[in-house]
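Protein sequence lines, in the order shown, are assigned to chains A, B, C and D. Under our numbering, think of the first position of the first sequence as 0, with each following residue one higher. Under our numbering, think of the first position of the second sequence as 0, with each following residue one higher. Under our numbering, think of the first position of the third sequence as 0, with each following residue one higher. Under our numbering, think of the first position of the fourth sequence as 0, with each following residue one higher. For glycine and all other residues, C-beta sits at the position ideal for the given N, C-alpha and C.
Protein chains: 4
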Amino acid sequence: MAVARRARADWQKQERQREILLAAEALFIGAGGQLPSVAAVAARAGLAKGTVYLYFKTKEEVFLALLNWRLGEWLDAVTEVLEASKGPISVDRLVAGTADYLLNHPDTLRLASYGHSVLEQNIEAETVIGYKLAMVERLAELGAKTEGCLPGLVPGQASRLYLQSYAYAVGLWQMADPPEAVKALLQRDDLAMFRVDFETELKAGLTALWNALDN
Amino acid sequence: MAVARRARADWQKQERQREILLAAEALFIGAGGQLPSVAAVAARAGLAKGTVYLYFKTKEEVFLALLNWRLGEWLDAVTEVLEASKGPISVDRLVAGTADYLLNHPDTLRLASYGHSVLEQNIEAETVIGYKLAMVERLAELGAKTEGCLPGLVPGQASRLYLQSYAYAVGLWQMADPPEAVKALLQRDDLAMFRVDFETELKAGLTALWNALDN
Amino acid sequence: MAVARRARADWQKQERQREILLAAEALFIGAGGQLPSVAAVAARAGLAKGTVYLYFKTKEEVFLALLNWRLGEWLDAVTEVLEASKGPISVDRLVAGTADYLLNHPDTLRLASYGHSVLEQNIEAETVIGYKLAMVERLAELGAKTEGCLPGLVPGQASRLYLQSYAYAVGLWQMADPPEAVKALLQRDDLAMFRVDFETELKAGLTALWNALDN
Amino acid sequence: MAVARRARADWQKQERQREILLAAEALFIGAGGQLPSVAAVAARAGLAKGTVYLYFKTKEEVFLALLNWRLGEWLDAVTEVLEASKGPISVDRLVAGTADYLLNHPDTLRLASYGHSVLEQNIEAETVIGYKLAMVERLAELGAKTEGCLPGLVPGQASRLYLQSYAYAVGLWQMADPPEAVKALLQRDDLAMFRVDFETELKAGLTALWNALDN
DNA sequence: AATGAATGAGCATTCATTCAT
DNA sequence: CATGAATGAATGCTCATTCAT
């Protein structure tokens, strides 16, 4: 077989990591919520199985890295929304900005529901902590910035609200995203209630959470 | 080997089903969030592997049945709270009542996070729908009753709020319940933010959701 | 469940045996050459699984009994052909008579190919021998009668020829009866040779065998 | 555990395939006609179970490959016989040559009786067809060569006769090869007729088939 | 005689991970 | 660095058979 070009420089290695994550994501999206096999990821990335293990210690690390990447992007997107609205921002705009990314990247939420039960199982705790730590910093930063734009927030409350929002979104997505076979049957009228409209419910819930500034 | 007493009458069969579910639950709690093997469940219930398959068509059916059982209990508990407060009820009491069961049965939430990604995969869609349908009825009923006790609710809104509450609780639990090894490391001070206190956050979030009656 | 009428008299028991065999045959034909499960046979016969075991010691016994029943019928049919042609018979007529039954009961041949590899495995040797013995007697009888109608046969040769014919038919059927999926693909022109026409080849082979009286 | 030497080059992989087939064959012969488990085959070949699946997609594929290998050898042997007799060949010599290989490789026939009921079941139809196609070519080739050596054959008849011969041999072997326990009992005098002498009957039948050139 | 609940041996297959090349 | 052959643990499920009722 063709041998993939060797990644010598650091930037090349990072590039290769990214390729693996992209392959993993593409397969995850396509596979209807099953974690794809390492073999499949490697093949999609044009690499050999062993090569994946040069960049990630376990399969779960691949997907946890992916999840963190996407979560980072989410925070980036929210940051941008904040910065775009020079000065104070309305809860509505904040909620819309927060929801937007998630609505466009549903796989992030799907992955997230694995994140905290499956993915963290087969990874060295140190690694998990590392990711969490990075996320904490990002959240604190975003929280501070948010508190500057949204009056009535107790210090530290904004980052807590982001966590709550994330939790709500993750849980909601699980209700809203049944397996294909089930989804088909849900068209029945008497099951309308279970055809959760993700967008509506997400925005409703987030609005409730962010408006409850006095809790 | 010892042969389990034969369940001939219907009530005996139901009893045996219940024994299997209890065994499954015990192992699920003990195993840190992995679905135990059918062999293990059978052994714990004092039965042969094949016997489990007399009562459930697949492994996933066992756990989906368990989840539904517990969700039913949850709705029972909330119903009781409503009925105990003859007349109108405050959001605080409702939230407390809602949260209580979940706080005492964390495995329900852990199981729930499987429920909508893993459990529904290897089950006939019809069966899944059957469970959902039963739950819809229960929710509608509870919703109606709730709307009678809590002023300011649009018809149909209460059951929607229960769904939102459930989603939030499920998502939150996933944040709050890392694997043991990770939990240990989270004692570090700089990770305080990730030591999500489930009870506090659950009540805060639920209160926000239920107070937002005007969304 | 409804309890099947008890078979007390001997004729009733034989009738029940026959019902089981008919059920087994029907399922065997329908299932594309897989031995149906005992549960399926019992259900089809309107009996409980355990009841089948009152009439046959093992699953294999059921199908061996069925095979022997059909083989007996085959010999009956050939006998009739012989008797119909008062006096000498031509090889052509004999072959036609021999082939006829087999052409109309292809399941007999399909079953036969199990008969001598699978079916005889899980049966007491005594039972197998019993069936064989009965068949020997029948063959000897038919052989003698045949030798009276077909000149040029050495004593004992006719029954030998019947065995050869049976062997040939069994083997040929296996070539001519691929699984459905394969059969579909065999429509391709370059595989014409493998679309063995059972009737043509059967008659050709049998004629060759029976004409070779001087070997 | 000891790790088998890695097969990197193509010839090494073919060698390994062959080892697996040999292991499968040895166990098949030893086991009295039951398809051995993959675990057993792997162990016998000194490999891990998974390794077998690197070379064959299913268990059935292993045995179908084995069958085809042996059938190829059979045709080779017949070809050699033809070529050895420069010029015309007698039916007797051809039959002897044809029978010889089968007499020395009875497992080929035993396997063949699975081949067309069990083996072709759990294999992609494409694969089955592939094998059949290869066999067709070989048969056509051998048929042509045969027709050059045996006068009085219509074009295409020889390969048809080979198929008939094969069918007869397969069927006959099933009569001649009862399970051990049965074979023991067959020593009884009154069962002499069922002690089918494979060699005698095979040659008699083949001779009949090949002499019937005018059918 | 009839039932059908209980049994448990048996087995193919997958796939994350390692490590010789 | 990259490869991919080899590993082998892990497990859901079937189904012939038994036997208490």
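| Check | Outcome |
| --- | --- |
| Give the residues of chain C in contact with D:Q115, contact being defined as C-beta atoms less than 8 Å apart. | The amino acid at residue 115 of chain D is misidentified as Gln; the sequence shows His. Under the 8 Å cutoff, chain C gives S112, Q173, M174, D176 and P177. |
| Would D:I128 count as contacting chain C if we go by Cβ distances under 8 Å? | yes |
| Would you call A:R5 buried or exposed, if buried means 16 or more other Cβ atoms sit within 10 Å of its Cβ? | exposed |
| Is it buried or exposed, B:N67, if we count other Cβ atoms within 10 angstroms and call 16 or more buried? | buried |
| Examine the Cβ distances between the region 187 to 206 of chain A and the region 99 to 117 of chain A and report whether three or more of them are shorter than 8 Å. | yes |
| Which of the three DSSP states, helix, strand or coil, is assigned to C:V80? | helix |
| Could you name the residues of chain C that D:K131 contacts, counting a contact when the two beta carbons are closer than 7 Å? | L190 and F193 |
| Going along chain A, which residues have a C-beta under 7 Å from B:N210? | A211 |
| Going by alpha carbons, who is nearest to D:S112 out of D:L53, D:F193, D:M174 and D:T78? | D:M174 |
| Which residues in chain A have a C-beta closer than 9 Å to the C-beta of B:A168? List them in chain order. | A166 and G170 |
| Just the chain C side, please: which residues come within less than 7 Å of D:E200 by C-beta, in chain order? | Q163 |
| Would a check of beta-carbon distances place A:A124 closer than 8 Å to chain B? | yes |
| Does the beta carbon of D:S89 sit closer than 8 Å to a beta carbon anywhere in chain C? | no |
| For C:G96, I'd like the list of residues in its chain whose CB is within less than 6 Å of its CB, leaving aside the five on either flank, ordered along the chain. | V77 and V80 |
| State the CB to CB distance for the pair D:A115 and C:D176, rounded to an integer number of angstroms; the pair is presumed to be in contact (CB under 8 Å). | In the sequence under discussion, the amino acid at residue 115 of chain D is His, which differs from the Ala named in the question. The pair is a contact, with the Cβ atoms about 7 Å apart (cut-off 8 Å). |
| Identify, in the order they occur along the chain, each residue of the same chain with its Cβ nearer than 6 Å to the Cβ of D:L118, setting aside the five sequence neighbours on each side. | E59, F62 and L63 |
| Given that a residue counts as buried once 16 or more other Cβ atoms are within 10 Å of its Cβ, and exposed if not, what is D:E136? | exposed |
| Can you have a look at A:E24 and say buried or exposed, based on whether 16 or more other CB atoms are within 10 angstroms of its CB? | buried |
| I think A:L26 touches A:A39, with their Cβ atoms under 8 Å apart; what is that distance to the nearest whole Å? | 6 Å |
| Let's test the definition: count the other Cβ atoms within 10 Å of the Cβ of B:R15 and tell me whether it reaches 16, buried, or not, exposed. | buried |
| Apart from the five residues on each side of it in sequence, which residues of its chain come closer than 8 Å, Cβ to Cβ, to B:N214? | With a pLDDT of only 44 at B:N214, under 50, the local geometry of the prediction cannot be trusted, and no value is derived from it. |
| Near B:L138, what residues of its chain come up, given a Cβ to Cβ distance below 8 Å and the 5 sequence neighbours on each side ignored? | L74, S158, Y161 and L162 |
| Buried or exposed: where does D:G204 fall if 16 or more other Cβ atoms within 10 Å of its Cβ makes it buried? | buried |
| Within 10 angstroms of its Cβ, does C:V51 collect 16 or more other Cβ (buried), or is it exposed? | buried |
| Residue range of the alpha helix (DSSP H) that C:K48 falls in? | K48 to Y54 |
| Check whether chain A comes within 8 Å of B:G71, counting only Cβ atoms and requiring the distance to be less than that. | no |
| Going by DSSP, what residue range makes up the alpha helix (DSSP H) through D:I122? | Counting along the chain, D:I122 falls outside any alpha helix (DSSP H), and DSSP gives it neither H nor E. |
| In terms of residues, what are the limits of the alpha helix (DSSP H) holding C:P177? | Counting along the chain, C:P177 falls outside any alpha helix (DSSP H), and DSSP gives it neither H nor E. |
| Taking the alpha-carbon positions, what's the C:T206 to C:V2 distance? | 52 Å |
| By DSSP, does B:G151 sit in helix, in strand, or in coil? | coil |
| For A:W10, count the other beta carbons within 10 Å of its own beta carbon; 16 or more makes it buried, fewer makes it exposed. Which is it? | exposed |
| Closer than 8 Å by beta-carbon distance: list the chain C residues that pair up with D:Q186, in chain order. | The contacting residues do not exist; D:Q186 stays about 11 Å from chain C at best. |
| State yes or no: is the C-beta of B:R4 nearer than 7 Å to some heavy atom of the ligand HEM? | In the structure shown, the ligand HEM is absent, as is every other ligand, since no ligand is present at all. |
| Answer with yes or no whether the minimum CB distance from B:A42 to chain A is below 8 Å. | no |
| For C:Q33 and C:P178, I'd like the C-alpha separation in whole angstroms. | 10 Å |
| For a cutoff of 8 Å on Cβ pairs, would you count B:N214 as touching chain A? | Confidence at B:N214 is low in this model, with a pLDDT of 44, below 50, so its placement is unreliable and the value that follows should be read with caution. Yes, because at least one Cβ of chain A sits closer than 8 Å to the Cβ of B:N214. |
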